[in-house]
Amino acid sequence: MSMDKRIEQKELGELLRSGDKSVMKMLYIHYSESIYGVILRIVQNEEQAKDILQDVFVQIWKKGKSFDPSKGSLFTWILNIARNKSIDRLRSNNRSPEIQNDVSSVYIENSSSNLSPKEDTIGLKDLVGQLDEELKTVIDLAYFGGRTQSEMAEELDIPLGTVKTRIRKGLQILRKQFK
Amino acid sequence: MDTRAYIESGVIEAVVLGHASEQEVREVNCLASIYPEVQQELDALSEALENYAESHKQKVPENWENDILGALEGVNQEEPLSVVSSSNNSAGTQEREVPLANSETNGGQRSLSPFMGWAAAIAILLIGGWMFLDQNKQIEQLGMAMQELEKSNMVVKENLRLANTERELLLNPKVERILLSGTESFPEAYAQVFWDKGNDQVYLQAKGAPEITEEESFQLWVIRDGAPVSMGVIDNENRELLIALESTSSGSAFAITIEPRGGSLNPTLERMVVIGNVTS
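Residue numbers (this note's numbering), protein chains in the order written: chain A, 5 to 183; chain B, 711 to 990.
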């Protein structure tokens with residue numbers, strides 16, 4: 005993440021904590037696509053996703069004062085709200101988040117202003133594609149699927165240690181890719 | 711602590727992916743504030759996931775914006791829970807915050823009435839104003855009065871609990887109370903350390919310490935065999951609380967220095983705030 009993004013998050017976080025409601029529109033402009041993308045990935049239903057997107061923004065505002073910048077970035081905090089709400093919604097429908105392994109279905113239509121000039125759609129496709137399927141599976145099961153490591157081990161019928169190793173490998177690759 | 715081993719244990723991955731226990735999350739956050747390498751790993755992995763999440767972005771239908779932002783109309787921010795926040799100590803030690811209300815250590819019972827008095831006054835004022843307001847406002851005001859009462863109730867309960875804990879410490883014959891007094895640069899500063907010789911646990915209350923910024927932390931050191939050993943850090947907002955830090959079985963003195971946030975490996979002697987010798 006560039007320095008600009010970091011500063012931006014810091015400022016947005018401060019506005020949110022100080023109770024300046026105008027920050028919500030800014031957050032919408034900056035993050036709604038990412039948040040929506042995550043929600044959609046999990047619930048895979050546009051109507052439900054809209055519902056959840058609204059809930060997420062309400063939650064961000066409600067809990068805004070409790071956001072603690074020393075515990076992590078604003079974006080991560082927001083993403084976790086989105087993930088948790090989406091996974092909860094699915095679970096209340098007695099469904100378990102399915103993780104499609106079809107990588108192409110996940111791509112964005114076009115890149116919009118949020119991306120820094122360096123990144124473009126093609127670049128992103130390549131990067132995500134570089135995650136080996138088995139690594140991507142565990143990352144997705146954890147991140148979008150809300151599975152614990154033991155749940156994954158059971159589902160995939162592999163040892164717990166293997167799950168841990170794959171998660172570690174996958175995250176290290178993601179870490180290097182997006183620099 | 712072997713930070714390399716900790717980083718390789720996979721617990722940080724579990725935290726960023728969201729399948730760590732609450733205890734693990736607190737532990738990682740705690741260690742991250744003490745050990746820069748842990749913080750770095752935590753930041754890097756969180757960022758990697760942020761970027762991964764972002765790569766899944768989808769266009770949101772334009773007409774949704776009004777609906778979604780409109781749903782915020784009339785929604786208020788919730789007040790964060792007061793008091794109890796984590797102190798920073800390394801793995802192994804159970805984090806125990808024993809927040810203490812603002813007055814001196816006299817071990818006496820706190821009076822309930824001031825708080826209830828305030829709350830009641832607010833409630834009455836609000837309810838009194840009720841008659842002149844329309845329906846919706848009435849409901850809102852009643853809700854506010856309830857909230858005020860709930861809040862003060864919580865504060866009162868908390869203060870009682872804290873007063874009792876500090877009293878326990880003071881009455882415990884195994885606990886030694888060491889007064890740390892100000893240095894040349896900070897002559898007015900003071901703090902106290904409670905050292906429970908029964909279990910070696912050290913508690914710190916830095917009420918008399920000066921204000922510091924968000925980028926700084928107070929670090930407590932024990933002088934053992936002539937060398938300073940870190941006992942943990944606390945940040946500005948926790949100065950007034952009674953915080954359980956590390957434990958030590960021996961020491962000839964305690965001191966607090968101001969360090970960059972998260973603490974340092976060695977004390978910055980020019981920024982020593984208070985120091986006190988162990989008398990026994």
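Each residue gets a CB set at the ideal place from its N, CA and C atoms; glycine is no exception.
For residue 982 of chain B, the enclosing beta strand (DSSP E) begins and ends at 982–987.
For residue 62 of chain A, the C-beta contacts it makes with chain B under 8 Å involve 781, 782 and 785, in order along the chain. Contacts with chain B at 8 Å (Cβ-Cβ) do not include residue 17 of chain A. Here the segment 763–774 of chain B lies against the segment 34–41 of chain A, with 3 or more beta-carbon pairs under 8 Å apart. What residue 44 of chain A touches in chain B, judged by beta-carbon distance under 7 Å, is 768, going in chain order. Look at the segment 142–168 of chain A: the residues with a C-beta under 8 Å from a C-beta of chain B are 143, 146, 147, 150, 151, 152, 153 and 168. Annotated as proximal: residue 139 of chain A and residue 170 of chain A, with beta-carbon spacing under 8 Å. Distance from the CA atom of residue 14 of chain A to the CA atom of residue 77 of chain A, rounded to whole angstroms, is 8 Å.
Considering only A:165, A:155 and A:177, the residue with the shortest C-alpha distance to residue 137 of chain A is A:177. Cβ contact annotation for residue 83 of chain A (same chain, cutoff 8 Å, sequence separation greater than five): 38, 39 and 42, in chain order. Against chain B, a Cβ distance below 7 Å from residue 84 of chain A picks out 728. Taking all protein chains shown into account, residue 86 of chain A has 16 or more neighbouring C-beta atoms within 10 Å of its C-beta and is therefore buried. CA-to-CA, the gap between residue 721 of chain B and residue 751 of chain B works out to about 11 Å. Collapsing the DSSP output to three states places residue 174 of chain A in a helix. The shortest CA-to-CA distance from residue 923 of chain B to any of B:876, B:879, B:861 and B:968 is the one to B:968. Taking the CA atoms as reference points, residue 932 of chain B sits about 38 Å from residue 789 of chain B.
According to the DSSP assignment, residue 957 of chain B belongs to the beta strand (DSSP E) that extends over 952–957. Rounded to the nearest whole angstrom, the CA to CA distance from residue 908 of chain B to residue 959 of chain B is 9 Å.
Residue state for residue 962 of chain B is assigned as coil, using DSSP reduced to three classes.
Note on geometry: alpha-carbon atoms of residue 773 of chain B and residue 782 of chain B lie some 16 Å from one another.
When rounded, the separation of the alpha-carbon atoms in residue 89 of chain A and residue 55 of chain A is 10 Å. For the 8 Å CB-CB criterion, residue 954 of chain B and residue 911 of chain B form a contact. Comparing alpha-carbon positions, the option among B:881, B:791, B:896 and B:904 lying closest to residue 857 of chain B turns out to be B:791. For residue 906 of chain B, DSSP records a beta bridge to B:885 and B:911.
At the C-beta level, residue 724 of chain B and residue 730 of chain B come within 8 Å of one another. Of the residues assessed, residue 26 of chain A falls on the exposed side of the cut-off, its CB having fewer than 16 other CB atoms within 10 angstroms. DSSP, read as helix, strand or coil, puts residue 22 of chain A in helix. Inclusion of residue 913 of chain B and residue 879 of chain B in the CB contact set at 8 Å is warranted, their separation being smaller than that value. Check the Cα spacing between residue 905 of chain B and each of B:921, B:961 and B:917: the tightest is with B:961. Cβ-Cβ distances below 8 Å link residue 147 of chain A to 87 in the same chain, with the five nearest sequence neighbours on each side left out; the list follows chain order. A distance below 6 Å between beta-carbons, with the five flanking residues on each side excluded, links residue 943 of chain B to the following residues of its chain, in chain order: 798, 927, 929 and 973. Under DSSP, the beta-bridge partners assigned to residue 942 of chain B are B:930. Residue-level contact by beta carbon holds for residue 723 of chain B and chain A, with a gap shorter than 8 Å. A residue is called buried when at least 16 other Cβ atoms come within 10 angstroms of its Cβ; residue 945 of chain B meets this threshold and is buried.
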